[in-house]
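In our numbering, the protein residues as written are 381 to 1064.
Cβ atoms here follow ideal geometry from the backbone N, Cα and C, with glycine treated the same way.
Everything on this sheet refers to the single structure shown next.
In structure tokens:
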């Protein structure tokens, strides 16, 4: 490496200076001897008399001190001005005693510095000291692995640069081989990552989950709307969580006491001990409002993914469409609070959301009568009504303009495969981090309409794990690593700047794999992209042809100060004229690695540059997985799971039946459910 060459250069200069020092000392001894003999008036050949003369010792010590001082100055200059390559000499700047501003970490530092967690691959099964892989270099038959403490990471690699073989495959193999066995969340754009790693993960004790948007009829099913349903269901049934105590001491139950005195009967709820029914109901009312707000926010995030605001010039139509989608989901949630209507958890899904929003009538000329009536018969302060009426209670022409966008956005659910995969929940994500678990999100790269569901999965898994972490005192039982390939090609994840800021303290770590920094800015905007980049303390560069990315990564690696010495010799026209010599010394600051050097890194070579906050950069190597026989990448057996069928008859929720039941008994409103946003929707 470059540092080793520098050390060799310094060694040569040291030898020269030391030889000069020895010769100088011999000369100093001889000079002291002659001077002492001359001043003392003794003969030069009378060696004993001259050496024993005090004057000799005085002159010798004086000359020794001068020569020693000169030697130290020369040695210091050699140390802090040795060659950085060619004729450019790395030197101190501003009087600071260092010979560089930044520098490449050496192989020796990577082996010895505990911050870089060096392991041989064969020893990983004994190690809990793990983190983000920053090097996986095969030397001989030994795979040399370095990891850095778990933090968010950004990987830059253009299409075809080898992101999968150089980083994703080694990372999965390394992390799953460790004794710690962290959980993994892996986006799999082609399904190949599952094929290459699922067998090894199973052998190593992992539970494997597959959310398959590529072959959805064979997928383990997951309903994005179910979390909001469960939260709201809890809000409506808080009394079921109350435990009544008689003549017990609340201090014996490790509860928080909200009263000073407790009599014979008191109430246990939500980790508290309540002495009377009034204080219990007050706390329940507050918690109910909190839960309903959380359910609302969950559905709002879903609506934002289904109906993103893409127009900068005239966003009012897209906002109206998003509000109608959100209002419809809230109305469905209100219906679930009335058992007579039959909006069960199994029917609270995208299939019925799409059916409701696409309901058309043929009689009377008003094609949206059933949809408009669906928002009638509700609490006047219902948030569902407030949101939906901005569209359905508008002029007919305006409403049709809104509905055109809604129909377009809901076109995703004309895909029965997606309706099936999101129809119910077969994954208990609350237990995700209780044991080593890997979930593969298979995303068809050719069907971008299915990509929003992948974004929802990532976002909602994060929320569920935050809930679990909060109940465990703030952190999960084990680390969870998100490996999000083609992150910027996924639909925008709402509030991702907040997610990435909060996740680390809960033991969740995001690795975002992009083609360029520009991709992130285009998807999330400049401010959010800057926040996301700042929260990624490791940046790994594999390859990019984006000039902005090359320049930004070059700056991230830092600068060095170089001293260039130029010598010019000039001679007058006269034959006997003497030549004059002019030496010019100039200091310059230049990048440690130029953008052009980054652009010239060979794709699929294993070379990459690693930048870590508060550490010197690393010229690293990830030996491509196809060249690394120590990895266990046995192909998964063919999926023989038979496609399943979506039972539309059992799943369908008919809003015409709902309208008949509600509007027949309460034609002027006021009846279906507690509502979202009502003044006092809490009944005890």
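Could you tell me if residue i is buried or exposed, where buried requires 16 or more neighbouring beta carbons within 10 angstroms of its beta carbon?
{"i": "residue 540", "result": "exposed"}
{"i": "residue 828", "result": "exposed"}
{"i": "residue 643", "result": "exposed"}
{"i": "residue 503", "result": "exposed"}
{"i": "residue 1007", "result": "exposed"}
{"i": "residue 651", "result": "exposed"}
{"i": "residue 776", "result": "exposed"}
{"i": "residue 929", "result": "buried"}
{"i": "residue 571", "result": "buried"}
{"i": "residue 895", "result": "buried"}
{"i": "residue 967", "result": "exposed"}
{"i": "residue 922", "result": "buried"}
{"i": "residue 569", "result": "buried"}
{"i": "residue 874", "result": "buried"}
{"i": "residue 815", "result": "exposed"}
{"i": "residue 963", "result": "exposed"}
{"i": "residue 993", "result": "exposed"}
{"i": "residue 544", "result": "buried"}
Compute the Euclidean distance between the alpha carbons of residue i and residue j, then round it to the nearest angstrom.
{"i": "residue 978", "j": "residue 934", "result": "8 Å"}
{"i": "residue 622", "j": "residue 869", "result": "47 Å"}
{"i": "residue 598", "j": "residue 840", "result": "22 Å"}
{"i": "residue 912", "j": "residue 552", "result": "23 Å"}
{"i": "residue 920", "j": "residue 609", "result": "40 Å"}
{"i": "residue 521", "j": "residue 449", "result": "51 Å"}
{"i": "residue 742", "j": "residue 748", "result": "9 Å"}
{"i": "residue 719", "j": "residue 792", "result": "30 Å"}
{"i": "residue 859", "j": "residue 689", "result": "34 Å"}
{"i": "residue 679", "j": "residue 582", "result": "35 Å"}
{"i": "residue 756", "j": "residue 876", "result": "36 Å"}
{"i": "residue 398", "j": "residue 442", "result": "20 Å"}
{"i": "residue 965", "j": "residue 987", "result": "35 Å"}
{"i": "residue 677", "j": "residue 941", "result": "52 Å"}
{"i": "residue 602", "j": "residue 803", "result": "7 Å"}
{"i": "residue 890", "j": "residue 525", "result": "20 Å"}
{"i": "residue 778", "j": "residue 905", "result": "30 Å"}
{"i": "residue 809", "j": "residue 925", "result": "39 Å"}
{"i": "residue 495", "j": "residue 879", "result": "26 Å"}
{"i": "residue 806", "j": "residue 717", "result": "23 Å"}
{"i": "residue 708", "j": "residue 701", "result": "11 Å"}
{"i": "residue 984", "j": "residue 586", "result": "29 Å"}
{"i": "residue 633", "j": "residue 627", "result": "13 Å"}
{"i": "residue 531", "j": "residue 991", "result": "13 Å"}
{"i": "residue 517", "j": "residue 892", "result": "22 Å"}
{"i": "residue 1023", "j": "residue 773", "result": "42 Å"}
{"i": "residue 558", "j": "residue 577", "result": "15 Å"}
{"i": "residue 594", "j": "residue 822", "result": "6 Å"}
{"i": "residue 554", "j": "residue 533", "result": "16 Å"}
Shortest alpha-carbon distance to residue i belongs to which of the options?
{"i": "residue 714", "options": "764, 748 and 681", "result": "764"}
{"i": "residue 646", "options": "630, 950, 661 and 1009", "result": "630"}
{"i": "residue 512", "options": "887, 897, 403 and 971", "result": "887"}
{"i": "residue 324", "options": "891, 910, 885 and 890", "result": "Since the first residue of the chain shown is 381 and the last is 1064, residue 324 is not available in this structure."}
{"i": "residue 657", "options": "619, 739 and 1010", "result": "619"}
{"i": "residue 506", "options": "561, 991 and 721", "result": "561"}
{"i": "residue 363", "options": "816, 1009, 815 and 834", "result": "Here the chain has residues from 381 to 1064 only, and residue 363 is not among them."}
{"i": "residue 1029", "options": "863, 883 and 726", "result": "726"}
{"i": "residue 817", "options": "788, 588 and 1027", "result": "588"}
{"i": "residue 546", "options": "789, 533 and 515", "result": "515"}
{"i": "residue 549", "options": "1041, 1043, 1013 and 1037", "result": "1013"}
{"i": "residue 1031", "options": "578, 728 and 662", "result": "728"}
{"i": "residue 600", "options": "997, 882, 884 and 819", "result": "819"}
{"i": "residue 579", "options": "1026, 1015 and 1034", "result": "1015"}
Opposite residue i in the DSSP bridges: which residues?
{"i": "residue 971", "result": "939"}
{"i": "residue 890", "result": "862"}
{"i": "residue 623", "result": "648"}
{"i": "residue 962", "result": "948"}
{"i": "residue 588", "result": "818"}
{"i": "residue 999", "result": "989"}
{"i": "residue 919", "result": "534 and 991"}
Does the beta-carbon of residue i, which I'm using as the reference point, lie nearer than 8 Å to any heavy atom of the ligand GDP?
{"i": "residue 642", "result": "Ligands in the displayed structure: none, and consequently the ligand GDP is not present."}
Determine whether the Cβ of residue i lies closer than 9 Å to any Cβ atom of chain B.
{"i": "residue 622", "result": "Going by chain labels, chain B is absent from the structure shown, which holds only one protein chain."}
request  = Enumerate, from N- to C-terminal direction, the unbroken alpha helix (DSSP H) stretches of 4 or more residues contained entirely within the stretch 484-555.
outcome  = 487-492
query = Going along the chain, which unbroken runs of the alpha helix (DSSP H) with 4 or more residues stay wholly within the stretch 809-888?
reply = 831-851 and 876-883
message = Which runs of the alpha helix (DSSP H) at least 4 residues long sit entirely within the stretch 652-722? Give them in chain order.
response = 657-686 and 696-716
ask   = Taking the runs of the beta strand (DSSP E) that are 3 residues or longer, which of them lie wholly in the stretch 733-765?
value = none
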